[in-house]
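Enquirer:
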Amino acid sequence: MSKYLVFSAWPYINSEPHLGTLLHLISADYYARFLKSMGNDVISISGSDEHGTPIEVEAIKQHKNPKELTDEMHKRILKILEAFSVELDNYTRTENETHKEFVRDFYLQLEKNGYIFKQKTVQLYCENDKLFLPDRLVTGKCPYCGYEKANGDQCDNCGRLLEPTLLIEPRCAICGSKPVKKETYHWFFDLPKLNKEILKYVETLDENIKSYLKSMLNEGLKPRSITRDNKWGIPAPFEGAENKTIYVWMEAVLGYLSGVIELEKKIDKNLFETFWLDPQTTSVYFIGKDNIPFHAIILPALLMASKKGYNLPKKIASTEFILFGQAKFSKSQHIGVWASDALSVADGEYWRYVILALRPERGDSSFNWQDFDKMVNSDLNDKVGNYIHRVLTFLNERFSGIVPPQESFTKEDEIFSKSMMDIQESFIKLNYELRIKDAVRKFIEAAELGNQYFSSQEPWNQIKSNKARASSIIYNAVQSIAHINFMMYPIMPKKATKLASIIKLEKIRKPEKWEVIPSGTKIERPTPLFQKIVIKY
RNA sequence: GCCGGGGUAGCUCAGCUGGUUAGAGCGCCAGACUCAUAAUCUGGAGGUCGAGGGUUCAAAGCCCUCCCCCGGCACCA
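Residue -3 is where the first sequence starts when you use the working numbering, and the numbers rise one by one after that.
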């Protein structure tokens, strides 16, 4: 038994999450469940990331104050997570008091340790909206190509990187008025001071993570600003920073720590020290590739600078993007699948399977409705669902639902049970290697194997002439369902729990041997676990 | 521009420390079976592995050139 901290990137809740956001939450939930079913000691954490300018902007658009907006959004997310069976040990939000307090103390500690300094900067300010404008919220004419709608950070027409101050006729992207240049002070995290340690740490990470960081590390680490001039956020605790907040990114990542403290308070157990400070703990972060620099450089650097001995991220399970057909998910162009749309088409657990089976672990993967149809109706319903159903129905019809004894053990039975155990073992191994997509495939393979065995052994013929043989076949088939149930659990926990109750399993744990359900067990009459769905596309 | 990832059967992808006739799933075609939600099982067709050159006894895999797609390049979360 080992200790694990399982994290999902915190969704930024300025809008409804789409499949890409759900991917990390579902992956983390999947992984935490897998680890628990293996008997490990696991804490899983995530939460709503709710501060910062984009939320303020969204609130202005909706004529609300930011807190109202995020209260609403957080509630919506909780419902969505429930619908997708995501039950982390603590799904919280960055507005919680424990978090805010932890962040303030944390940065004061960093200041004390000499990693914070103050510097003057010039930024564009919108007097109408009373906001310092992030680069992206400034539009204007591109100085290179003359494109009228260039953003402050990049021109979408010619692709060149820009500075907002370079734009000709800059405008506030929110109200369109002309921003003014304004001097301000900001506090910076002295990243270069940790250059050596970071380089050493990065060496411990996977190759693909390293390659993402290459250009950043080659250029050398630069100080990173940690304050912002907006209102909606955690007040910066530094002297003279009264009107400033902590930059959302720099505080949201600390939620991985504060989330454990908050959980600890709720259940009154010493979790924070035993997990965050014990080097034996393995931490796993499920994030998108866009988040790699923050989790592989900034977060570890912050943890180092605190000098508290916190565990640095051990495994960063980053994924590429899920594309919608050929196109990237896009809010503005309404490309993609959003949580509530997804739920109106199919049960959240079907989506869990589809999302995990598509997990873009190597390259971008693309989603289309034809494949979705096939995955739900063929993989889930026809292969897995029908295998379970045909076996349990046969058991009910011919054996009154009582698991028969194993009266013979043929060569075929041996091959079948061994192959099933092998599949289970590789399922486990792949999961520990974080090759979740392949592990999920094993679950389907298990059902295929079951169908092959059942079809080739023909218990419906055997029962006419050789009831003892039929007994053994059904006995083996029932055992295989228990193994499939174990693999199903992290993928579709509610379905698996329902199945477990049908086959009279109290707890879903890794089966150590072939027999899980002893002869003589009375099994309920099954109802189909899955239904086909009709999709119009 | 710089860095990185990708371009493999109709579709989604695996294979990529070079080595038997390039794989899987779906789709398609044919057959088997009837316990089961017309579900399942078996077999088959189908690819000049983005283009061109090179290294090698041997390349999808290594090197060079080029084309296409995607992402990052730090105050966007």
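Here a beta-carbon is modelled for each residue, glycine too, at the ideal position from N, C-alpha and C.
(1) Buried or exposed for Thr88, please, with buried defined as at least 16 other CB atoms from any protein chain shown within 10 angstroms of its CB.
(2) Please state the DSSP three-state secondary structure of Gln527.
(3) So, using beta-carbon positions, are Val372 and Ala342 closer together than 8 Å?
(4) If distances are taken between C-alpha atoms only, which option among Asp37, Pro13, Ile529 comes closest to Thr278?
(5) Quick test of your reading: Ser314 and Ile205, contact by CB under 8 Å. State the CB separation rounded to the nearest angstrom.
(6) Taking all protein chains shown into account, do 16 or more other C-beta atoms lie within 10 angstroms of the C-beta of Ser33, making it buried, or fewer, making it exposed?
(7) Could you tell me the alpha carbon to alpha carbon distance between Lys125 and Val82, rounded to whole angstroms?
(8) Residues in the same chain with beta-carbon distance under 8 Å from Thr66, minus the five sequence neighbours each way, listed in chain order, please.
(9) Pull up the DSSP beta-bridge partners for Leu127, would you.
(10) Can you give, in chain order, each stretch of the alpha helix (DSSP H) that sits fully within the stretch 228 to 274 and has at least 4 residues?
(11) Using the beta-carbon count (16 or more within 10 Å), is Gln420 buried or exposed?
(12) Do the stretch 242 to 259 and the stretch 71 to 78 touch if we need at least three Cβ pairs shorter than 8 Å?
(13) How do the stretch 128 to 137 and the stretch 273 to 288 stand: do at least 3 beta-carbon pairs fall below 8 Å, yes or no?
(14) Would you call Glu191 buried or exposed, if buried means 16 or more other Cβ atoms sit within 10 Å of its Cβ?
(15) Does the contact criterion of 3 or more C-beta pairs under 8 Å hold for the stretch 417 to 431 versus the stretch 458 to 467?
(16) How many whole angstroms separate the CB atoms of Tyr243 and Lys178, which I take to be in contact at a CB cut-off of 8 Å?
(17) Does the structure place the stretch 429 to 449 close enough to the stretch 490 to 508 that three or more beta carbon pairs sit under 8 Å?
(18) Work out the CA separation of Leu253 and Lys(-1) for me, nearest whole Å.
(19) Check Arg72 in the structure and name its three-state DSSP category.
(20) In angstroms with no decimal places, state the Cα-to-Cα distance between Gly172 and Ala5.
(21) With respect to 7 Å, is the separation between the Cβ of Ser173 and the closest non-hydrogen atom of the ligand GDP below this value?
(22) Write down every uninterrupted run of the beta strand (DSSP E) in the stretch 365 to 429 whose length is 3 residues or greater and which is fully enclosed by it, in chain order.
(23) Thinking C-beta only, is Gln475 closer than 8 Å to Val530?
(24) Starting from Trp183, follow its DSSP beta bridges and name the residues at the other end.
(25) Return helix, strand or coil for Thr135, following the three-state DSSP convention.
(26) Report the rounded CA-to-CA distance for Leu445 versus Gln527, giving the unit in angstroms.
Expert: According to the structure data:
(1) If you number the first sequence from 1, residue 88 lands on position 92. Answer is buried; the Cβ neighbour count reaches 16.
(2) Sequence index remark: in the first sequence, residue 527 carries index 531 (1-based). In the structure shown, Gln527 sits in coil (DSSP, three-state: anything other than H, G, I, E or B).
(3) Numbered from its first residue, the first sequence carries residue 372 at position 376. Numbered from its first residue, the first sequence carries residue 342 at position 346. Yes, they are a contact pair.
(4) Along the first sequence, one-based indexing puts residue 278 at 282. When each option's Cα is compared against that of Thr278, the closest is Asp37.
(5) The residue given as residue 314 occupies position 318 in the first sequence. The residue given as residue 205 occupies position 209 in the first sequence. With 8 Å as the limit, Ser314 and Ile205 qualify as a contact, their Cβ atoms being about 7 Å apart.
(6) Here residue 33 corresponds to residue number 37 of the first sequence, with the count starting at 1. By the neighbour-count rule (16 or more Cβ atoms within 10 Å), Ser33 is buried.
(7) Residue 125 sits at position 129 when you count from the first residue of the first sequence. Residue 82 sits at position 86 when you count from the first residue of the first sequence. Before going on, a small fix: residue 125 reads as Asp here, not Lys. Their Cα atoms are separated by approximately 38 Å.
(8) Here residue 66 is taken as the residue at index 70 of the first sequence, counted from 1. Same-chain partners within the cutoff: Ile9, Ser44, Glu46, Ile51, Arg89, Glu91.
(9) Position 131 of the first sequence holds residue 127. In DSSP, Leu127 forms a bridge with Cys122.
(10) 244 to 248, 251 to 263, 268 to 272
(11) For the purposes of this step, residue 420 is identified with residue 424 of the first sequence, where counting begins at 1. Buried.
(12) no
(13) no
(14) In the first sequence, counting from the first residue as 1, residue 191 sits at position 195. The question names Glu, but residue 191 in the sequence shown is Asn. Counting Cβ neighbours within 10 Å, Asn191 comes out exposed, since fewer than 16 surround it.
(15) no
(16) Start at 1 with the first residue of the first sequence, and residue 243 comes out as number 247. Start at 1 with the first residue of the first sequence, and residue 178 comes out as number 182. About 18 Å separates the two Cβ atoms, so there is no contact after all.
(17) no
(18) Along the first sequence, one-based indexing puts residue -1 at 3. Along the first sequence, one-based indexing puts residue 253 at 257. About 15 Å.
(19) Position 76 of the first sequence, counted from the start, is the residue given in the question as residue 72. If DSSP states are grouped into helix, strand and coil, Arg72 belongs with the helices.
(20) In the first sequence, residue 172 corresponds to position 176, counting from 1. In the first sequence, residue 5 corresponds to position 9, counting from 1. Going by the C-alpha atoms only, they are around 33 Å apart.
(21) This structure simply doesn't include the ligand GDP, nor any ligand for that matter.
(22) none
(23) Taking the first residue of the first sequence as 1, we reach residue 530 at position 534. Taking the first residue of the first sequence as 1, we reach residue 475 at position 479. Not a contact, by the Cβ cut-off of 8 Å.
(24) Sequence index remark: in the first sequence, residue 183 carries index 187 (1-based). According to DSSP, Trp183 bridges with Lys114.
(25) Against the first sequence, residue 135 aligns to sequence position 139. Note: Thr135 maps to strand in three-state DSSP.
(26) The residue labelled residue 445 in the question sits at position 449 within the first sequence. The residue labelled residue 527 in the question sits at position 531 within the first sequence. Their Cα atoms are separated by approximately 21 Å.
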